[in-house]
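Undergrad: For the sequence shown, my numbering gives the first residue as 45, with consecutive numbering after it.
In this text, a Cβ means the ideal position worked out from N, Cα and C, and glycines have one as well.
Predicted model only: the values in this text are computed from it and were never measured.
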Amino acid sequence: MPSSKTRQLALCATILALGIGAPDLSRAGSDTAKRTERTAFTAGEIATARPAALKGAIRIAGDDGQAFQALIDGASAAADPWLVLSGGGENGAFAAGLLSGWSASGRRPAFGVITGVSTGALIAPFAFIGAAGDAALREAYTTVSAADVFEFGGSAEALTDTWPLKRRIEKAVTPRLLKAIAAEHAKGRRLLVATTELDTERPVLWDMGAIATIGDDKALNLFRSIVLASSAVPGVFPPVSIDSTTVDGKTNQGKTIQEMHVDGGTTAPFFLAPKPALIAAQTGAGGVRIPARTVYLVVNNKLAPYFQMATHTTLSVLGRAMSSAIKAQTRDALALADAFARRESIDLKVAEIDDRFTDTSPAPFDQRYMKALFAHAEKLGQEGTAFGGQEALAEGSSNLPTGSLGALHPKAPQPATPRLDASRPDASQALATR
């Protein structure tokens, strides 16, 4: 029988395969109270629910094409390039390093829309404020250890407790950061983060700039909760409860309920547009219109299959199986995004952790690995060789008999023509209190 330590390390591997972080094996205790009972509600009631004490349009159903179109149509900067950030756990060091190198090159665009899922949701707020967020991302993805993310000893909801990650988010997501995000939101830019609501089994897309614009303590707490929720892999990390108030159309009264939100990657590895709309666009049956002519998609993962012997343990089998499933899901999502982009004449540029990076992680959240990945991506960002276009996607797909997109060797992209990410005094102060 495997030892407790062996089982913990196996669980670490499983957790990484799921696209998140790694556990704290040294700390004990929790400052979070677990709530096991919930007020009963119906599908109709949750459909009317709004986060408690916050007014205004701050979220939409992530699979609602019409609502998404209205959201994008209301963003005056949506025609500028988009940045789409996938999940990937510790491999978020790839996107963090890429953004840093891109800033140093002087060619990083001021993105009109940024979306984030899972680890991409942790990166997105700092990417949104431009180069002013690079230092925070460098720290987050090159200095953390397992103890900074979570610990074993969860509850009936999950195997682990994420209070260490919650503390880090509270330290990083400050009122000044929200003020800087709100300033960019006012310019017509949009910061969008996806979670998955468990009761409805539907994605939820949060307008983080609108929340930041509200700017009070409730908005700050909700902003932090959403970022934490987007990384909460079901069963491994605890779901994040968000108090909401239902609305009764007859009495104009409602009740308070607790929504349960988990990893946005549960329903999509990244978010470009609602999936039903992407599918509809392929058949010419409508869909959505994205005004941007260029979309940069950063996949914080290795998509090509790789060999590693599994052991006769539940966690080893689960880890390898989930790794395979996530890669397959991501490849399918990429194919759908590529088809949509071609139909809409959008230049889709994809960066992934390809075979130019050969290091492997000997343990979860290994700092040497993360620093090496950050440095690798930073170099690609400086050189302008991180992204491949649709031709590279097609070449990668045809070269792998397994159907994987494979390891891309993208050509250097053409110099970006959109307005550059200028230094913003309001954004530069965003992390002053960290």
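Quick one: what does DSSP say Q302 is sitting in, helix, strand or coil?
TA: Strand.
Undergrad: Any chance you could list the beta strand (DSSP E) runs of at least 3 consecutive residues sitting entirely within the region 197–246, in chain order?
TA: Listed in chain order, they are 234–241.
Undergrad: Considering only the alpha carbon of each residue, which of T186, T187, A154 lies closest to A171?
TA: With distances taken between Cα atoms, A171 lies closest to A154.
Undergrad: Taking all protein chains shown into account, do 16 or more other C-beta atoms lie within 10 angstroms of the C-beta of Y340, making it buried, or fewer, making it exposed?
TA: Buried, since its Cβ has 16 or more Cβ neighbours within 10 Å.
Undergrad: For the beta strand (DSSP E) holding R103, just list the boundary residues, first then last.
TA: Counting along the chain, the beta strand (DSSP E) containing R103 begins and ends at 103–105.
Undergrad: For G309, collect the residues of the same chain with a Cβ closer than 6 Å to its Cβ; drop the 5 residues on either side in sequence, then sort them by chain order.
TA: Closer than 6 Å at the Cβ level, and outside the excluded window around G309, lie G63, G131, V161, S162.
Undergrad: Which term fits S70, buried or exposed, when burial requires 16 or more other beta carbons within 10 angstroms of its beta carbon?
TA: Only weak support is given to the placement of S70: the predicted model assigns it a pLDDT of 38, under 50, and the question is left unresolved by the model.
Undergrad: Determine, using beta carbons only, whether V394 and V343 come nearer to each other than 9 Å.
TA: Yes. Within cutoff.
Undergrad: Hey, out of I255, S368, D292, K231, whose CA is closest to G118's CA?
TA: The residue with the shortest Cα to Cα distance from G118 is K231.
Undergrad: Helix, strand or coil: how does DSSP classify Y340 here?
TA: Reduced to three states, the DSSP call for Y340 is strand.
Undergrad: In this structure, does DSSP put N443 in helix, strand or coil?
TA: Annotation note: pLDDT 42 at N443 (below 50); position unreliable, no value reported.
Undergrad: When you compare only the Cα positions, how much space is there between D261 and G253?
TA: Rounded to the nearest angstrom, the two C-alpha atoms are 15 Å apart.
Undergrad: Whose C-alpha, out of A263, A224, R246, A180, is nearest the C-alpha of G106?
TA: Ranking the options by Cα distance to G106, first place goes to R246.
Undergrad: Measuring straight from C-alpha to C-alpha, what distance separates A348 and A121?
TA: Cα-Cα distance, rounded: 35 Å.
Undergrad: Where does the unbroken alpha helix (DSSP H) through S269 begin, and where does it stop?
TA: Note, S269: alpha helix (DSSP H), 261–274.
Undergrad: For a test of the three-state rule: what should DSSP assign to P488, helix, strand or coil?
TA: There is simply no residue 488 to check, as the chain begins at 45 and stops at 478 in what is shown.
Undergrad: Does D382 come out as helix, strand or coil in the three-state DSSP assignment?
TA: In the structure shown, D382 sits in a helix (DSSP, three-state: H, G or I).
Undergrad: In whole angstroms, what is the alpha-carbon distance linking L55 and T404?
TA: Bear in mind that a pLDDT of 49 at L55, under 50, signals an unreliable position, so the model cannot answer this.
Undergrad: From this set, A273, L264, V291, which residue's C-alpha is nearest E241's C-alpha?
TA: If we check each option's Cα against that of E241, A273 comes out closest.
Undergrad: Just the C-alpha distance for R268 and E214, rounded to the nearest angstrom, thanks.
TA: So the alpha carbons of these two residues sit roughly 7 Å apart.
Undergrad: Output yes or no for whether 9 Å exceeds the beta carbon distance between V277 and T239.
TA: Against a cut-off of 9 Å, the Cβ pair of T239 and V277 comes out as no contact.
Undergrad: State whether the region 417–429 contacts the region 133–151, with contact taken as three or more CB pairs (one from each stretch) at a distance under 8 Å.
TA: At 8 Å Cβ cutoff, the stretches touch.
Undergrad: Once you ignore the five residues that flank I334 on each side, which residues in its own chain have a CB closer than 6 Å to its CB?
TA: Around I334: no qualifying Cβ.
Undergrad: Taking just the CA atoms, how far does G432 sit from H453?
TA: Low local confidence applies: a pLDDT of 35 at H453 is under 50, so the model's placement there is unreliable, with the coordinate-based value given in what follows. Spanning the two alpha carbons is a distance of roughly 7 Å.
Undergrad: Can you grab the Cα-Cα spacing for the pair T83 / M353, in whole Å?
TA: Rounded to whole angstroms, T83 to M353 spans 46 Å at the Cα level.
Undergrad: In the structure shown, what three-state DSSP assignment does E81 receive?
TA: If DSSP states are grouped into helix, strand and coil, E81 belongs with coil.
Undergrad: Compare the Cα-Cα distances from D124 to each of P219, L322, E89, R233 and report the closest residue.
TA: Checking every option, the nearest Cα to that of D124 belongs to R233.
Undergrad: If you drop the 5 nearest sequence neighbours on each side, which residues of the same chain put their C-beta closer than 8 Å to that of W250?
TA: Excluding positions up to five away in sequence, the list reads I102, R103, L236, V237, A238, T239, I270.
Undergrad: In whole angstroms, what separates the C-alpha of G174 from that of H356?
TA: Computed Cα separation, rounded: 47 Å.
Undergrad: To the nearest angstrom, how far is the alpha carbon of Q302 from that of A369?
TA: Spanning the two alpha carbons is a distance of roughly 30 Å.
Undergrad: Taking just the CA atoms, how far does A317 sit from S448?
TA: With a pLDDT of 31 at S448, under the threshold of 50, the modelled position of that residue is not reliable, and no figure is offered here.
Undergrad: Below 8 Å on the Cβ atoms is my contact criterion, and I expect I158 with L127 to pass it. Report the Cβ-Cβ distance as a whole number of Å.
TA: Correct: roughly 5 Å between the Cβ atoms.
Undergrad: Grouping DSSP H, G and I as helix and E and B as strand, with all else coil, what is S189?
TA: Three-state DSSP puts S189 in coil, outside helix and strand.
Undergrad: Using CA atoms only, rank isn't needed, just tell me which of A372, G298, L392, K415 is closest to G88.
TA: Residue G298 is the option with its Cα nearest to G88.
Undergrad: Which term fits T402, buried or exposed, when burial requires 16 or more other beta carbons within 10 angstroms of its beta carbon?
TA: Flag for T402 reads exposed.
Undergrad: In angstroms, rounded to a whole number, what distance separates the CA positions of R203 and G279?
TA: Per the sequence presented here, residue 203 reads as Leu, with Arg not at that position. One C-alpha to the other measures close to 6 Å.
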